[in-house]
């Protein structure tokens, strides 16, 4: 480990502290941070401290503690309920200035409401001549367009479209001035590669076309099924509208109507879990 290199990661992903003061984060995020620490040395994370708000929200089934021995230390800032929380913004900017001045490399990523003010971290680091790493995580623009803008109507939709356009422009600005930009998916490459000064694509083998069963192979598999053994479908993901799980459940319903025996198991949880259960029940699945 390089203990002299000061790596600062600024993020909107929250943490809390247990009764002993040890940081607690989402379990998947904890593994990402520990992997980064093993590769780069000690990591300093600046993020919303939600200790006073209660339990830590997680994407997966668990949260994990990250003691100082993990190589990851945290400095919290006040959580924001609105982008107009001016007192919190002032406090956040003060904390960011202190941490960035002591850093060798400042790592930021594309932003989400209400933490758009964290873009200050990248701009201040560039101003000071620090090395900067900017990560465009997944297809955040398409995700927000689908599950945040699309369901809205009227003036709310206009406001959300304007906000999304601002987030997109902010990502392009950071990509254009970062020492290195990491583009997390093919969708991010297509959208932002011309804006980035220097960029690399992070390959995700799990998303490669060759790893997905072909239509002909699927038909052969269905034809080979005995009447006692239905086709088994399994998903493991966050239950959010972007994932299209409602479409998958409806597809199973259509197959049932055609007397094609299919069993679908959805692993995970999320904001759509209850509505997905109701949909499956209404279709008799």
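Numbering (my numbering), first residue to last: 1 to 285.
Don't be surprised by glycine CBs; every beta carbon is placed ideally from N, CA and C.
Fair warning: this is a prediction, and the values are worked out from it, not measured in the lab.
Cα-Cα separation between residue i and residue j, rounded to whole angstroms
i	j	result
residue 113	residue 278	30 Å
residue 175	residue 134	6 Å
residue 261	residue 255	7 Å
residue 1	residue 215	Low confidence applies here, because residue 1 scores a pLDDT of 44, under 50, leaving its location unreliable; read the following figure in that light. Cα to Cα, residue 1 sits roughly 47 Å from residue 215.
residue 274	residue 281	11 Å
residue 276	residue 128	49 Å
residue 173	residue 199	13 Å
residue 152	residue 232	35 Å
residue 221	residue 253	19 Å
residue 160	residue 143	13 Å
residue 146	residue 37	34 Å
residue 26	residue 57	7 Å
residue 103	residue 181	18 Å
residue 120	residue 93	7 Å
residue 241	residue 267	15 Å
residue 219	residue 186	28 Å
residue 171	residue 196	9 Å
Opposing strand residues paired with residue i [DSSP bridges]
i	result
residue 232	263
residue 201	183
residue 23	17
residue 47	76
residue 10	46
Residue j beta carbon less than 8 Å from that of residue i
i	j	result
residue 13	residue 47	yes
residue 118	residue 108	yes
residue 83	residue 116	yes
residue 31	residue 8	no
residue 80	residue 88	yes
residue 124	residue 97	yes
Pick from the options that is closest to residue i, judged by C-alpha positions
i	options	result
residue 111	141, 99, 238 and 253	141
residue 269	40, 7 and 239	239
residue 191	149, 139, 78 and 242	139
residue 106	130, 90 and 85	130
residue 122	179, 17 and 165	179
residue 188	136, 67, 101 and 95	136
Taking the runs of the alpha helix (DSSP H) that are 4 residues or longer, which of them lie wholly in the segment 54–136?
86–101 and 119–127
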